[in-house]
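One structure below.
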Amino acid sequence: MAKYKQGGSDSSQGVEDDTLDATFDAERRDRSGNRRSGKDSEDAQKEVWRRDSDSAERASQHDSAAYSDWEDSRMLVPSSLELGPGAVDKYVISKQIVKMQEPRRLTPDDLDERRIIYPESKNRALVNRFRHLRTKLLELSGGNNFTMVVSGACEGAGASFMALNLAAAFAFDQSKTALIIDCNLRSPSLHSQLDLAAESGLTDFLEDSDYDIGKIIYPTGIPRLRLVPAGSQRENGAEFFTSFRMKQFLQAIRRRYPDRFIVLDTAPISDSPDARILGDLCDYSMLVVPHARATATAIESAAQAFDPEKFVGAVING
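Just so you know, we're using the working numbering here: the sequence shown kicks off at -4 and counts up by one.
This is the structure:
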């Protein structure tokens, strides 16, 4: 299969970047002490909701062939965590998701070869395990979207396999989307597993404050699932992950997509501080333990590296 290459859309290049930059600017103003009153914030939130709903209605009247994935940022609404259960307009979200384009589709044979689950897979036991895990996480979050770190207890634990299939399980639901971010800068693999020729990624965006976010979000060939590759490899990933821009990036993509569940694939927590650093920025953390290949002491040590308030547990792989 030829590798798929993709960059920002010419018709809407920079739309999502503008959204992210606006969020960054707002947070900088908050940090400098120029905070608006609660009443002003509430009025501003209502105005954002009205504009986004109007944009969604106008966009729904256009032919879907002219619609770009990046233009979904024109129809975004506040996070479900901010609005409360049931407050997200289902019509707006459904229109946003339906119009997400897939320039190519991975076939069932492609998915089987890559060990990626899909609704019609014959491996029902594997599919059901991930569906069960998805259900447990949704119960934990109260149905709200979230960001979650997935890390292995040791090298070869299968964290990338778990992270990708968990994201795919969320994308099963036609009312939800998923984004997987490859934060394993030492040994990135998700772009290869999805057969993508990724020319840029997360580190490129974090390094350049003017970088277009549309250039680092790639369709995966799986409906409603997107990938942010690792990008140009750097020796010290911790410097990127502790940056203020990384914190803002995660906050912005979660807040602006109330239907999107975000999974971060990281290096083994036994080999790198990256998973612990990113765990502090995310809502939840999960540990992947290889079957019969890690001692109880090693597993306990790895689990204790995470914030206990955010740690959802360990999953045995194998």
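We put the beta carbon where it would ideally sit given N, CA and C, even for glycine.
Residues that DSSP places opposite residue i in a beta bridge
i      : result
Phe235 : DSSP lists no partner for Phe235.
Thr172 : Arg255
Val144 : Leu259 and Ser280
Ala318 : In the structure as shown, the chain begins at -4 and stops at 313. Residue 318 is therefore absent and cannot be evaluated.
Gly308 : Met281
Arg345 : Residue 345 falls outside the range modelled here, since the chain spans only -4 to 313, and no answer is possible.
Beta-carbon proximity of residue i to residue j, cut-off 8 Å
i      : j      : result
Gly274 : Val144 : yes
Ile112 : Ala164 : yes
His156 : Tyr279 : It is Phe, not His, that sits at residue 156 in the sequence shown. Not closer than 8 Å, so no.
Thr237 : Ala154 : no
Tyr307 : Leu135 : Note that residue 307 is Val in the sequence shown here, rather than Tyr. Taking 8 Å as the Cβ cut-off, Val307 and Leu135 qualify as a contacting pair.
Leu189 : Met241 : no
Pro224 : Ala193 : yes
Ile211 : Gly196 : yes
Ala297 : Ser265 : yes
Pro253 : Phe167 : no
Gly381 : Pro263 : A question about residue 381 goes unanswered here, because the residues of the chain that appear run from -4 up to 313.
Alpha carbon of residue i to alpha carbon of residue j, nearest angstrom
i      : j      : result
Ala54  : Met95  : Low confidence applies to Ala54: its pLDDT is 38, below 50, so where it sits in the model is not reliable, and the reading given next is rough at best. Roughly 12 Å separates the two Cα atoms.
Thr130 : Cys149 : 26 Å
Leu282 : Leu174 : 19 Å
Gln1   : Pro268 : In this prediction, Gln1 has a pLDDT of 47, which is less than 50 and means its spatial position is unreliable; what the coordinates show is noted afterwards. One C-alpha to the other measures close to 31 Å.
Pro285 : Pro103 : 27 Å
Lys220 : Ala293 : Sequence inspection shows Leu at residue 220; the Lys mentioned does not correspond to that position. Cα-Cα distance, rounded: 33 Å.
Phe244 : Leu185 : 20 Å
Ser75  : Arg255 : Only weak support is given to the placement of Ser75: the predicted model assigns it a pLDDT of 46, under 50, and the value that follows is read from those uncertain coordinates. Going by the C-alpha atoms only, they are around 10 Å apart.
Arg181 : Arg126 : 30 Å
Leu222 : Gly313 : 25 Å
Thr215 : Arg110 : 14 Å
Pro303 : Ile272 : 14 Å
Ala270 : Ile176 : 13 Å
Leu259 : Cys178 : 6 Å
Ser116 : Ala300 : 36 Å
Ile257 : Lys171 : 11 Å
Asp105 : Arg99  : 12 Å
Gly151 : Ala289 : 11 Å
Asn160 : Leu191 : 17 Å
Glu315 : Asp203 : Look at the range of the chain in this structure, -4 to 313, and you will see that residue 315 is not part of it.
Phe235 : Thr198 : 7 Å
Asn139 : Ala291 : 33 Å
Asn357 : Gln246 : The shown model of the chain, from -4 to 313, leaves out residue 357, and the question about it has no answer.
Leu128 : Asp205 : 38 Å
Ala162 : Leu132 : 12 Å
Lys305 : Cys277 : 8 Å
Leu101 : Tyr213 : 14 Å
Asp107 : Arg249 : 30 Å
Phe324 : Ala233 : The question about residue 324 has no answer, for the chain in this structure spans -4 to 313.
Ser187 : Leu121 : 22 Å
Ser227 : Arg119 : 37 Å
Gln169 : Glu295 : 37 Å
Pro183 : Arg251 : 26 Å
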